[in-house]
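Going line by line, the protein sequences match chains A and U.
The numbering of the first sequence is numbering that gives the first Met the number 0, which starts it at 0 and goes up by one.
The numbering of the second sequence is numbering that gives the first Met the number 0, which starts it at 0 and goes up by one.
Think of the CB as a built atom: it goes at the ideal place given N, C-alpha and C, for glycine as much as any other residue.
Below is one structure, written out as structure tokens, with a few remarks after it.
Protein chains: 2
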Amino acid sequence: MKKFVYLFKEADGEDKVLFGAKGANLAQMTKIGLPVPQGFLITTEACTKYFEDGKLLKNDISAQIEKKLEQLEKLTGKNLGKAENPLLVAVRSGARVSMPGMMDTILDVGINDEVVKGLAKLTKNEWFAYDSYRRFIFMFATLVMQHDVQRYEEILDQVKAKQGVALDKDLSIEALKKIVLMYKRLYREIQNAELPQDPKVQLVEAVKAVFKSWDNPRAEVYRKMHDIPYSWGTGVSVQTMVFGNMGDDCSTGVVFTRNPATGKKEIYGEFLINAQGEDITSGTRTLLPISQLQRKSPEIYTQFVTILQKLEKHYKDMQEVEFTIEKNKLYILQTRNGRRTAKAGLKIAMDFVKEKVLDEKNALLMIDPRQMDTLMHQAFVDSAIKKAKPIGEGIPVSPGAASGKICFSADKAIRTSAKKEKVVLVVPELSSEDVRQLNFVEGFLTTRGGMTSHASVVARGNGICCVAGCSDIVFADDKKSFTLGGNKYKEGDDISFDGSTGKIYEGEIPTEEAKLSNDFVTIMKWSDKYREMGVRANADNANDTELAAKLGAEGIGLCRTEHMFLDKTSLKLIRELIISDSVKERMSALNKLLPKQKEDFKAIFKAMKGKPVTIRFLDPPFNEFLPQSDEELTSLAKSLNMTFDELKAKVNSLHEVNPMMGHRGLRIAISYPEIVEMQTEAIIRAAIEVQKENRTELCPELMIPLTSDCAEFKFVKDIVVAKADKILQETNASLKYKVGTMIEVPRAAITADQIAKFAEFFSFGTNDLTQLTYGFSRDDSWKFLDDYYSKKIFDSNPFVKLDQNGVGKILRIASELGKSTRPDIELGVCGEHGGEPVAIEYFHRIGLNYVSCSPYRVPVARLAAAQSAIRYSRSKKSFFRRKK
Amino acid sequence: MKKFVYLFKEADGEDKVLFGAKGANLAQMTKIGLPVPQGFLITTEACTKYFEDGKLLKNDISAQIEKKLEQLEKLTGKNLGKAENPLLVAVRSGARVSMPGMMDTILDVGINDEVVKGLAKLTKNEWFAYDSYRRFIFMFATLVMQHDVQRYEEILDQVKAKQGVALDKDLSIEALKKIVLMYKRLYREIQNAELPQDPKVQLVEAVKAVFKSWDNPRAEVYRKMHDIPYSWGTGVSVQTMVFGNMGDDCSTGVVFTRNPATGKKEIYGEFLINAQGEDITSGTRTLLPISQLQRKSPEIYTQFVTILQKLEKHYKDMQEVEFTIEKNKLYILQTRNGRRTAKAGLKIAMDFVKEKVLDEKNALLMIDPRQMDTLMHQAFVDSAIKKAKPIGEGIPVSPGAASGKICFSADKAIRTSAKKEKVVLVVPELSSEDVRQLNFVEGFLTTRGGMTSHASVVARGNGICCVAGCSDIVFADDKKSFTLGGNKYKEGDDISFDGSTGKIYEGEIPTEEAKLSNDFVTIMKWSDKYREMGVRANADNANDTELAAKLGAEGIGLCRTEHMFLDKTSLKLIRELIISDSVKERMSALNKLLPKQKEDFKAIFKAMKGKPVTIRFLDPPFNEFLPQSDEELTSLAKSLNMTFDELKAKVNSLHEVNPMMGHRGLRIAISYPEIVEMQTEAIIRAAIEVQKENRTELCPELMIPLTSDCAEFKFVKDIVVAKADKILQETNASLKYKVGTMIEVPRAAITADQIAKFAEFFSFGTNDLTQLTYGFSRDDSWKFLDDYYSKKIFDSNPFVKLDQNGVGKILRIASELGKSTRPDIELGVCGEHGGEPVAIEYFHRIGLNYVSCSPYRVPVARLAAAQSAIRYSRSKKSFFRRKK
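See the structure below:
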């Protein structure tokens, strides 16, 4: 039979997959001789089995629990349920990665009407015994049986009021006994059964409750945000209780081995005298800084510091340690790698190298690349945020700190901004067009949407703070105000929100620009030293290009030319182009667009100083450039010298049932070669001029979008090359350039060998490739993907986390096929996943040459690429070799 | 250097790829000693090179032509351009498959001002010499130089009028000389140069003109209709002229070795005395039946019949032979497998077996499976169609014969039909919804759209005659009439059209139902004997199922349950379902739908008599069931007891940017499991009842659409199995059933090994798979695919002809992956390609178990499957083995 239950001392302290992080660490600490209250671990496999068996704890597991319980009783000399010498246990969750506060813990399991008396007698502390009992009943009722918390708290409040005390610790013994009585009565009333007095029943129910809590909504949200698969399951630790609530020689607390906010090397933490763990987090009592422990019990403190140093040295990472002191004896309840701010993360990594604990590679591996993002954006001034009034929370979709006057419409935002006011837009929903048009705002706050809404993606790409999906915001019927956190806000009121945490605050909060610290610079230098993949940025103008260069981009991997058509003059010209009925009319509009495009490209080439720039030809369907409302069409028709009916007919003729799969990308180039010719001319002339002006050699990469077939690609490439070579001949200039394609259509991927005969580079567009591979419209799929998460079908959104099994497999096939006909083909990624650390590791494994991401993600990508290279070179069981 | 030019006697008579069909046959006939005027062949590779070189005939080819010309001169003892003994040649096209009349032929090449005189002297026939010269100038000017035909015909008409004759053959010598003079003058005027007198220049220009004609619009349309790739190119034959126009002992004609209309074994054909080939096709002279040749020249006739028998025996197929008799000497100019009607095709194949010329397998290979389709549909009465007045032509997209009163709207059609009138709908465009709603009409005629428009596909599927894309129809501004062929037609006028030919006729033409002949039955029996793949039909109701069974379907491969919701009662219920906000409301609608669905399934099971029936769960997005116009919504809102605003809001909330990739297929089942549960219940209960009533064992196949991931599939399968097993338990019935999936999303295909762990069968939905693999929306792509054809990027529409390189590759990968985890997995195709012979051959090769197509295509598929099996078993270089 499979082994599902292990004593701490039997378990493998390295095996976080089987035991969860907390469980493995308990085993490890036991092994290195730390004062850990003993117990046993139930594996994550047992959890998975519990769910597979339809939320039943079958005999094979419960029998093993009973057996290990016996062994634990022998080990501790105490017995579960035995009043004379009772064993009480804490039942805690523990997943492969720590999910603090997301799942349930049940303490004091094993107490009952008899045991409480024995405990009182044994400890000579009746207060403690009944305090423990009332705590147990509360947890068992509300967590295991899911009774309404409110009703138990009412009892507690009632008794406290009657006794006239404010804190639990000041309750009298009689009061505690009364509470126990009232709790048991309430339990019976709700449950229609007595509180279980059999300690084994308590234990099994507690274990089941912890398993079940893997499935609770809080845990689900947390998993989604942190990419934790549902299939991992949680482990359970059953640990002998030690008591911080037996009197004033008892205490409990949490410490960090370094300062988690700054990274400074110091013991940092807080504790409470005469308390249990849940009192720390409840916030009702004032915590004492750990320095007071030093004053109070210097010997214990010294012992503790030695243990902390031992733990940090062992785990080679900053530790967050929970401890309890029971009658002046120190116990370590758990340890884990401590959460820290981005800033602290860099400092700790740097210090570990200075202290020679880690080499550069291992130090890089300590840092969470996702956190780098927050270092790049403006933030609220620390002192101010502490005083700010939080009023709500949404989904943090684009980092940064926004503070300004509330506007409810684009129009209002434009007018308010014109008065030099700082503006935040608060709207039910946001379109990506809004984001582009309103790139001057401090931030976006929406009631709908989420991490992967198109608008969120664009906001992230543009580095604009955005908090989405705050469904607590309720707009008034007249749409002139909204309520949040019980208050009413109207246009012009000040509000602030943090795109890294999702928190929303009342009023204006001062912000400060990000300063790139020396630690940041050093970590990036190390990253560049170890990474093998290039990192480019997606940028469509000189400003973004300069920002990207500053953040270390080695080129532009995606310059979307259509974004250059959005200023007023260009937009008018592109609209003229679209409504043209003849090549001649189109040429006239194109000739006017040409100088503007050329100048745009020149600015980008100059900002990139000779580094590669990949420019994508016009991609979106025409209708995206035309307004759709009759009002706007009327005014446009006037400016274009046509009737409303003519224009409306044109718009209708351009309507597509599925525009994502319609007349766009190179399909436009095939129908209207003159457009691709104009763009080629603008690129080539710009490059020639910048080469001359700056005396640098350029090599623009001209990228044809949406290829599905090699003949299609060749047709457009031939147009591009003919035009480019003609200009080079005419101007007698010499310029290297490449012509390649996006691989974003499944057919292109599986016929990549054919396409690579003509294409000099591939750039994987993972956004569209994900859409077509799954048949998920990005604009629509959020409507049903929520059902996929809630029904545990998908763990994560494939538009955010690369689907390695499907989309990733296609990328691998395309890479291999591409290299089979053009071994030196340049392979990159320019889709959203190009800035996602887990995806970057996959891209490294399949041998891509570079990733390209939004400028603010460049440092993330640099670090992630380095980590990928380091991990890859160490991995022995990698399923295929990276091909260079 | 590559050899581009071969004498007839040098060429390989089997190599149609290199020499074209005509060229290869000329070589073959030369080899077996038939009286073929000698000449040389220019390969199809030369044609391809000509286009690659930018429509230039480079030195390597022209030098080879000159060399072969010399050899031909030696062979014939005549010399090009030598007045005393001139060689004249005919320059003809010849592609790999015959494309009659699509490309250009230039006769009498080599004649000039001197040669004409020599020819007159040599033949003692001045009339003939000048007749040849004027013919040559006409062809050279209009075909090679593309002068306006009209202007040359005007001259001819003018001279004939002046002389007072009606036929060319009655022109006097003087008149012919005058024509030559006037032609030359006109040539100079248009060309601004003299007519080339150098015979070699004439020859080279003629060859180039034939190459170029591969590219002409007629040829392009023909290639598209017959799936002939542009890349094949045409060969050119240069053949010594023989003359049917040297006097009354000369003639020219075309005969078939069997009757091409009936298949009867008889020499069938026509000829003209004193004429050249182009007179046969011009229609100005009355042709003589070939029997008159027997009377006129019995010896030549006997010689001819011997040759015909020899040819038929050699090619083992009915031959269509062009011949010329020059001064009582018979020449064979070309032979090819003759075109025939479907009916004749069957008879000829049958007779060849009876005559022991062919065995059954080879006889089956003779028959064009595409032609079977026309045998199944009603047709115009033969005698009536001969008298009908053709007024135009469109693209034949769905076979059959339609005759009835013109209606311009669905509304009018419904009202007219209510009066028991036969109705044809004539509209600019057709939606697939129109087709479904108006399935009572005789036929559809549209000005836009084509073979692959969604509506065309639905029309074909429903067996309704349809001619599309007749752009000659011009609607009046008031939309109350249209003009075609110079006449005006209004609503209520009678019109007829043929969905197999695209021809449109004035007035009503009587039609007759198809009768399935004995030949048909025998051919089908043979097909079933040799084929290895099963053939099922797509059918959604009992009528279609019965039709399918009658036409030999071995099961239903696709029953679309949503089609059962289109009657008035069901539609109302499904709409109630859609606007429901709670499971309870939905259940109420579903409970009402259940009995109806169950009865529908029972009828289908009964009609299929125990053969497998694959039923697909609800697939389309909800919005397809809701009206979109405000008017209809108002009335629907009323009937649903809700306000217009509520309903409108619901419709808007269901709006999707890209519905093809939206909330549909199993995504609906995931959001609303109660729907799939109801459908499962209807299927299982229907099957149990039919098993009991009919005492047959059933095994329904429950098909989950749009799977992209195995977890997704498993989730829905679990619901289906739980429901089914619950019913079986409750009813204490025993029933086998299978649960499988459509493979129509690329990700499903490339993760088919995972999905096959749970899915018992795959049915490839090649329509959606083609959409997603290419990123081509079927609803929109026709707008740009026309550019792909005209620019020679694509030869064919991937929705019609399976894209073997891309979509086919994905099918192959999916088949292999599926079998890797479930070796006995059942693999079928239910997309549009399931009835397409070339695709069927591919499906055979990759080892699929069956194809499923619309009922009328079942015989096509049976024959095509047999041919695939026969060809496959013979093929030695097949790139992979069929896996069973």
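Grab me the residues of glutamate 392 of chain U's own chain with a C-beta within less than 6 Å of its C-beta, minus the 5 sequence neighbours each way, in chain order.
Gly501 and Lys502
If I measure Cβ to Cβ from glutamine 275 of chain U and keep anything under 7 Å in the same chain, skipping five residues before and after, which residues do I get?
Leu106, Arg134, Gly243, Asn244 and Thr251
Of all Cβ atoms in chain U, is any one closer than 9 Å to the Cβ of proline 658 of chain A?
At least one chain U Cβ lies under 9 Å of proline 658 of chain A.
Nearest candidate by alpha-carbon position, reference arginine 889 of chain A, set A:Cys465, A:Tyr787, A:Lys360 and A:Ile555
Coverage of chain A is limited to positions 0 through 883, which leaves residue 889 of chain A absent and any answer about it impossible.
Shorter than 9 Å from the beta carbon of serine 776 of chain U to some beta carbon of chain A?
yes
Applying a beta-carbon distance threshold of less than 7 Å, which residues of chain A neighbour histidine 225 of chain U?
By Cβ distance, chain A contributes nothing, its closest Cβ being about 20 Å from histidine 225 of chain U, past 7 Å.
For a contact defined as C-beta to C-beta under 8 Å, what are the partners of threonine 251 of chain A on chain U?
Against chain U, a Cβ distance below 8 Å from threonine 251 of chain A picks out nothing, because the smallest value is about 42 Å.
Sorted by chain position, which residues of the same chain lie with C-beta nearer than 7 Å to arginine 881 of chain U's C-beta, five sequence neighbours on each side aside?
Caution applies to arginine 881 of chain U, whose pLDDT of 49 falls short of 50 and renders its modelled position unreliable; the model cannot decide the point.
May I ask you to report which of helix, strand or coil DSSP gives lysine 876 of chain U?
Residue placement at lysine 876 of chain U is flagged as unreliable, the pLDDT there being 49, under the threshold of 50; a coordinate-derived value is accordingly withheld.
Members of the region 739-757 of chain U that neighbour chain A once the beta carbon cut-off is set at 7 Å:
Val744, Pro745, Arg746, Ile749 and Thr750
Please state whether the Cβ-Cβ distance between cysteine 249 of chain U and threonine 323 of chain U is less than 9 Å.
The answer is yes: Cβ separation under 9 Å.
In the DSSP assignment, find the unbroken beta strand (DSSP E) run with arginine 535 of chain A in it and report its ends.
First-last of the beta strand (DSSP E) with arginine 535 of chain A: 533-537.
Any Cβ of chain A within less than 9 Å of the Cβ of lysine 782 of chain U?
yes
Look at serine 92 of chain A and valine 16 of chain A and say whether their C-beta atoms are less than 9 Å apart.
No, they are not a contact pair.
Measure the beta-carbon distance from threonine 334 of chain U to leucine 310 of chain U and round it to whole angstroms, keeping in mind my assumption that it falls under 8 Å.
5 Å
Report the residue from A:Val220, A:Ile809 and A:Phe600 whose alpha carbon sits nearest the alpha carbon of asparagine 540 of chain A.
A:Phe600
If I follow the unbroken beta strand (DSSP E) through arginine 615 of chain U, where does it start and stop?
612-615
Just list the beta strand (DSSP E) runs in the region 176-252 of chain U, keeping only unbroken ones of 3 residues or longer that don't cross its boundaries, in chain order.
233-239
Measure the C-alpha to C-alpha separation of phenylalanine 878 of chain U and aspartate 823 of chain A and round it to an integer number of angstroms.
Confidence is the limiting factor: at phenylalanine 878 of chain U the pLDDT is only 45, short of 50, which leaves the residue's position unreliable and the question unanswerable from this model.
Measuring CA to CA, which of U:Leu118, U:Leu56 and U:Glu125 is closest to lysine 77 of chain U?
U:Leu118
Beta-bridge partners of proline 36 of chain A, as assigned by DSSP
Partner(s): none; proline 36 of chain A has no beta bridge.
Mind pulling the beta strand (DSSP E) runs of 3 or more residues that sit fully within the region 642-706 of chain A?
700-703
Give me, in chain order, the residues of the same chain whose beta-carbon lies closer than 6 Å to that of threonine 740 of chain U; leave out the 5 immediate sequence neighbours on both sides.
A distance below 6 Å between beta-carbons, with the five flanking residues on each side excluded, links threonine 740 of chain U to the following residues of its chain, in chain order: Ile703, Thr706, Phe712 and Ala758.
Exposed or buried, what is phenylalanine 270 of chain A when buried is set at 16 or more other beta-carbons lying within 10 Å of its beta-carbon?
buried
On the DSSP letters alone, give me the boundaries of the beta strand (DSSP E) that threonine 445 of chain A sits inside.
442-445
Can you find the residues in the same chain that come closer than 7 Å, C-beta to C-beta, to lysine 883 of chain U, ignoring five residues on each side of it along the sequence?
Note that lysine 883 of chain U has pLDDT 43, beneath the 50 cutoff, so the model's placement of it is unreliable and the number below is only indicative. Counting only Cβ-Cβ distances below 7 Å, and skipping sequence neighbours, we find Gly846.
Would a check of beta-carbon distances place tyrosine 488 of chain U closer than 9 Å to chain A?
Chain A contact via Cβ: absent.
In chain order, which alpha helix (DSSP H) runs of at least 4 residues are fully inside the region 275-344 of chain U?
276-281, 290-295 and 297-314
Is isoleucine 669 of chain A close to chain D? Criterion is C-beta to C-beta, closer than 9 Å.
Although the question refers to chain D, the structure presented lacks it and instead comprises the protein chains A and U.
Please report the Cβ distance between cysteine 406 of chain A and glutamate 490 of chain A, rounded to the nearest whole angstrom; I am assuming they are in contact, meaning their Cβ atoms lie under 8 Å.
6 Å
Could you round the C-beta distance between tyrosine 151 of chain U and leucine 185 of chain U to whole angstroms and report it? I think they count as a contact, below 8 Å.
At roughly 7 Å, the Cβ-Cβ gap stays under 8 Å, so tyrosine 151 of chain U and leucine 185 of chain U are in contact.
Closest residue to methionine 532 of chain A among A:Gln162, A:Lys1, A:Val857 and A:Arg95 (Cα-Cα distance):
A:Val857
Using only the alpha-carbon positions, how far apart do lysine 800 of chain A and glutamate 835 of chain A sit?
7 Å
Would you call the region 734-752 of chain A and the region 624-642 of chain U in contact, with 3 or more CB pairs under 8 Å?
no
Residues bridged to lysine 487 of chain A (per DSSP)
A:Thr482
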